[in-house]
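Numbering (full-length UniProt numbering), first residue to last: 1 to 206.
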Amino acid sequence: MDVVSSTEPTTRTQPVAARQRLLLAAAEAFAAKGFNATTTRDIANGAQMSSAAVYVHFRSKEELLFELSEAGHSIILGMIDEVDDPAVAPAERLATVVGAFTEHHAREHVRARVVNYELGSLAPDHLEAVMELRREITRRVRAIVDAGIENGDFDVADSQATTNAMLSMGIDVARWYRAENSLPPEEMGKFYAELATRMVGLRDRD
């Protein structure tokens, strides 16, 4: 899933296409140089636009970061909604969600690094908006862990700490992942899905 280019630019008006180009350029610049070291000129050059054009579409560099961060976390929530099936066993639900979560952070590791590791550069109100999305992601995954505890499938002393650990592992993939010397994203997802089921002490009912 792509934080920036999930819509087809050919179906959008020119201003929207310009915004998408700027968001893509900002994501790449922030990932390469960090938010603080990136200038609006860097972003404009990456989008092949003038520096003044940045301010036609965004009030500040921070607003670009916020839009990337909000979109990135919203995509994760949408992904959980798409792959999670409450009708199946908690162990399968957990493996599916953690696998998809990790696969996303591997596949979109460049933008995911920005979305997860530049939060301190957001304005307070923007940070709170993104943190609420993060809390909702955590709530969704913890609900699966709690369901497994309640039906006796999982042996977990602290569901919140366990949930935080699983999500932190998946997020951290974006920090170190490099396609040339890592497992493919799908395999990375499967590997972390298995780790998640081990972390909850999955019990064999046979």
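Using N, Cα and C, we set each Cβ at its ideal position, and we do this for glycine too.
query, result
"Between which two residues does the alpha helix (DSSP H) harbouring residue 40 extend?", "40–47"
"Under 8 angstroms by Cβ, that's how I've got residue 116 and residue 75 pegged, so tell me the actual separation to the nearest angstrom.", "Wrong, their Cβ atoms sit about 12 angstroms apart, outside the cutoff."
"Is the separation between the beta-carbon of residue 114 and that of residue 27 shorter than 9 angstroms?", "yes"
"Which class does residue 182 belong to by DSSP, given the choice of helix, strand or coil?", "coil"
"Give the straight-line distance between the Cα atoms of residue 35 and residue 150, rounded to the nearest whole angstrom.", "43 angstroms"
"Contact between the region 149–168 and the region 86–105: three or more CB pairs below 8 angstroms?", "yes"
"Using only CA atoms, which one of 40, 144, 61, 69 lies nearest to residue 159?", "144"
"If you draw a straight line from the alpha carbon of residue 37 to that of residue 126, how long is it in whole angstroms?", "20 angstroms"
"Apart from the five residues on each side of it in sequence, which residues of its chain come closer than 6 angstroms, Cβ to Cβ, to residue 100?", "79, 83"
"Decide if residue 120 is buried, meaning its Cβ has at least 16 other Cβ atoms within 10 Å, or exposed.", "exposed"
"Would you kindly work out how many angstroms separate the C-alpha atoms of residue 190 and residue 96, rounded to a whole number?", "9 angstroms"
"Just to confirm before moving on: does the CB-CB distance between residue 98 and residue 49 stay below 9 angstroms?", "no"
"Just to confirm, is the Cβ distance from residue 52 to residue 42 under 9 angstroms?", "no"
"What separation, rounded to the nearest whole angstrom, lies between the Cα atoms of residue 69 and residue 178?", "21 angstroms"
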